[in-house]
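**Q** Take the sequence shown: its letters are residues 10 to 338, numbered as in this note's numbering.
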Amino acid sequence: MFNNKSILVTGGTGSFGKEFVKTMLKKYKAKRLVVYSRDELKQFEMQQEFNALPMRYFIGDVRDKERLIQAMNGIDYVVHAAALKQVPAAEYNPMECIKTNIHGAQNVIDAAIENDVDKVIALSTDKAAAPINLYGATKLASDKLFVAANNVTGGKRTKFSVVRYGNVVGSRGSVVPFFKKLIADGATELPVTDERMTRFWITLLQGVEFVLKNFNRMQGGEIFIPKIPSMRITDLCEAMAPGMPTKIVGIRPGEKLHEVMCPSDDSHLTLEFDDHYVITPTINFVKHPKYTENAIGEKGKQVLPGFEYSSGTNERFLTIEEFRKMNGF
C-alpha cells in the first residue's frame with residue numbers, strides 16, 4: 010500500500026524514525042519519504058546514511074502548525090513519532106512536555122485534516138495507561154485527541170489510530186545503552202531502581218513492522234497494542250554484565266514498578282487478536298466501525314472483565330539467553 014505513495018514521519022531523526030526510513034526504503038518504492046524534525050544536525054547526519062531519491066528532509070517543530078500544514082501537502086500517510094519522552098525531564102519542565110506532546114498532537118491532527126491525508130498513526134507508550142507521571146499523562150491526552158479526531162474530519166477521508174508499545178531495546182534513552190556505557194567505562198556495579206521492576210520489551214524493527222501492519226488493519230479510532238514479552242530488570246543486568254553486583258538506588262520521579270498497556274478499567278473496550286490487542290474508543294463515531302473485525306478481515310474477541318495486560322503478570326518473559334541473542338551479546 011506504500012508503493013508510489015507519499016509518507017511523512019514526525020520526529021523522523023529519532024530511533025524509530027531511522028528504522029522506519031530504513032524499512033521503507035528496503036521494502037517499498039515510495040513516491041516521497043519525508044523526515045520532519047527540528048534538529049538540523051541530526052538531519053544532516055541522517056542524510057549521509059539515507060539519501061535515496063524519495064527522501065525529503067523538512068526542518069520543523071510539531072508546535073508549528075503552519076509548517077506542518079506546509080509539510081503535509083500531498084502526503085498520503087503520516088506516522089507521528091515526535092515527542093518529549095524523558096520522564097524526569099517532563100517532571101521538571103511540564104509545560105514544555107505539554108506543548109510538544111499535546112499541542113503538537115493537535116497540530117498534527119489539524120494539518121492532516123487540512124491536507125486530506127489518508128491515514129495517520131500516532132505512537133503512544135505504555136506510560137499512557139493509568140499514568141502516574143506527566144509524560145504518560147500527556148501521551149494519554151494525545152491518544153484521546155487522535156481517537157476523537159475521527160469525529161471532526163467532516164467530508165475528508167482522514168482516519169486516525171494509535172499504536173502503543175513498551176520499552177524499545179537499544180533506543181536512545183532506554184536503559185540498555187545507559188548500562189552499556191557504564192560497563193564500557195569500567196563500572197563495578199549497575200544501578201537498579203527496584204529489583205522487582207519489570208518492563209515490556211520490543212525491538213525497533215518489531216515496532217516499525219507493527220506500525221506498518223496497522224496501516225492496513227486500521228478503521229480509525231483504535232489503539233493497537235502488540236503482544237510482546239516482559240523482562241525483569243535483574244535479568245537484564247545479568248544478561249548485560251554476568252555476575253556484576255547491582256545497587257538499589259530507589260524509584261525515580263514518576264516511575265512505576267510494572268508497566269501496563271491495557272488497563273483493567275478498559276477491559277470492556279479491549280479486544281484480543283492473535284498477535285495484538287485493540288482498545289476500542291470510549292465514544293461513538295458517526296460512522297462506527299465494527300472493530301471486532303479489522304479492515305483486513307482479522308477477527309478479535311472480547312477479553313474477560315477486569316483483564317489487565319501488565320509487564321508484571323505477562324504470560325511471556327524474556328530469558329537472559331534470549332535477551333543476549335536479541336542484542337548480539
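Backbone N, C-alpha and C fix where the C-beta goes; we use that ideal spot for every residue, glycine too.
(1) Taking C-alpha atoms, which residue in Pro238, Gly263, Leu191, Phe282 lies nearest to Asn223?
(2) If you run the structure through DSSP and keep just helix, strand and coil, what is Arg47?
(3) Would you report the Cα separation of Gly69 and Lys308, rounded to the nearest angstrom?
(4) Can you give the Cα-Cα distance for Val18 and Phe25, rounded to whole angstroms?
(5) Could you tell me the boundaries of the alpha helix (DSSP H) in which Ile242 lies?
(6) With distance defined between alpha-carbon atoms, name the residue in Gln215, Lys36, Val126 nearest to Val177.
(7) Report the three-state DSSP secondary structure of His112 (helix, strand or coil).
(8) Can you give the beta carbon distance from Thr291 to Tyr300, rounded, assuming they're within the 8 Å contact cut?
(9) Using beta carbons (cut-off 9 Å, strictly below), is Tyr66 in contact with chain C?
(10) Within a Cβ cutoff of 8 Å, which residues of the same chain sit near Ser183, ignoring the five residues on either side of it in sequence?
(11) Please report how far the alpha carbon of Val287 lies from the alpha carbon of Asp127, in whole angstroms.
(12) So the alpha helix (DSSP H) Leu214 belongs to, where does it begin and stop?
(13) Does the beta-carbon distance from Leu327 to Met206 come in below 9 Å?
(14) Let's see if you can read the secondary structure: which residues bound the beta strand (DSSP E) around Val18?
(15) Out of curiosity, what's the CA-to-CA distance linking Glu330 and Asp203?
(16) Does Ala61 pass the burial test, meaning 16 or more other C-beta atoms within 10 Å, or should it be called exposed?
(17) Determine the extent of the beta strand (DSSP E) in which Glu281 is found, giving its start and end residues.
(18) Which of the three DSSP states, helix, strand or coil, is assigned to Tyr144?
(19) Taking one C-beta from the region 239-258 and one from the region 269-280 each time, how about it: are there three or more such pairs within less than 8 Å?
(20) Short check: CB of Ile130 to CB of Tyr66, under 9 Å?
(21) In the DSSP assignment, find the alpha helix (DSSP H) that holds Leu191 and state where it starts and stops.
(22) Quick one: what does DSSP say Asn293 is sitting in, helix, strand or coil?
(23) Which two residues bound the contiguous alpha helix (DSSP H) that contains Leu34?
(24) Whose CA, out of Thr134, Ser133, Tyr144, Gln79, lies closest to the CA of Lys339?
(25) Taking the C-alpha atoms as reference points, what is the distance between Pro186 and Ile192?
(26) Which two residues bound the contiguous alpha helix (DSSP H) that contains Ala80?
(27) Please report how far the alpha carbon of Ser170 lies from the alpha carbon of Gln52, in whole angstroms.
(28) Between Thr22 and Val43, is the Cβ-Cβ spacing less than 9 Å?
(29) Where Val217 and Phe11 are concerned, what is the direct C-alpha to C-alpha distance, given to the nearest angstrom?
(30) I believe Lys27 touches Met55 by the beta-carbon criterion, under 8 Å. Please report the beta-carbon distance rounded to the nearest angstrom.
(31) Since Pro314 and Ser276 should fall inside the 8 Å C-beta cutoff, what is the C-beta to C-beta distance between them, to a whole number of angstroms?
(32) State the CB to CB distance for the pair Glu113 and Val161, rounded to an integer number of angstroms; the pair is presumed to be in contact (CB under 8 Å).
(33) Would you decide whether Asp274 is buried or exposed? Buried here means 16 or more other CB atoms lie within 10 Å of its CB.
**A** Taking the coordinates as given:
(1) Closest by alpha carbon: Phe282.
(2) Arg47 sits in coil when the DSSP states are folded into three classes, being neither helix nor strand.
(3) Per the coordinates, the alpha-carbon of Gly69 lies some 40 Å from the alpha-carbon of Lys308.
(4) The C-alpha of Val18 lies about 10 Å from the C-alpha of Phe25.
(5) Taken as a continuous stretch (DSSP letters only), the alpha helix (DSSP H) holding Ile242 covers 242-249.
(6) Of Gln215, Lys36, Val126, the residue nearest in Cα terms is Gln215.
(7) If DSSP states are grouped into helix, strand and coil, His112 belongs with the helices.
(8) With a beta-carbon spacing of about 12 Å, Thr291 and Tyr300 fall beyond the 8 Å limit used to define contacts.
(9) Looking at the structure shown, chain C is missing, and only one protein chain is on hand.
(10) Only Asn176, Val177 meet the Cβ criterion.
(11) One C-alpha to the other measures close to 21 Å.
(12) Run containing Leu214: 213-226, per the alpha helix (DSSP H) assignment.
(13) Against a cut-off of 9 Å, the Cβ pair of Met206 and Leu327 comes out as no contact.
(14) 15-19 is the extent of the beta strand (DSSP E) around Val18.
(15) Near 22 Å, if we compare the C-alpha coordinates of Asp203 and Glu330.
(16) By the neighbour-count rule (16 or more Cβ atoms within 10 Å), Ala61 is not buried but exposed.
(17) For Glu281, the uninterrupted beta strand (DSSP E) run begins and ends at 279-281, by DSSP.
(18) Secondary structure of Tyr144 (DSSP, three-state): helix.
(19) No, the region 239-258 is not in contact with the region 269-280.
(20) Going by beta carbons, Ile130 and Tyr66 fall outside the 9 Å limit.
(21) It spans 184-193 - the alpha helix (DSSP H) in which Leu191 sits, taken as one unbroken run.
(22) The DSSP-derived three-state label of Asn293 is coil.
(23) Element bounds for Leu34: 24-36.
(24) A question about residue 339 goes unanswered here, because the residues of the chain that appear run from 10 up to 338.
(25) Their backbone Cα atoms lie some 10 Å apart in a straight line.
(26) Where Ala80 is concerned, the enclosing alpha helix (DSSP H) stretches over 74-80.
(27) So the alpha carbons of these two residues sit roughly 27 Å apart.
(28) Not a contact, by the Cβ cut-off of 9 Å.
(29) Computed Cα separation, rounded: 14 Å.
(30) A Cβ-Cβ distance of about 7 Å is found for the pair Lys27 and Met55, placing them in contact under the 8 Å criterion.
(31) Yes, they are in contact, since the Cβ atoms of Pro314 and Ser276 sit about 6 Å apart, within 8 Å.
(32) One detail in the question is off: residue 113 reads as Gly in this sequence, not Glu. At roughly 17 Å, the Cβ-Cβ gap does not stay under 8 Å, so Gly113 and Val161 are not in contact.
(33) Asp274 comes out exposed.
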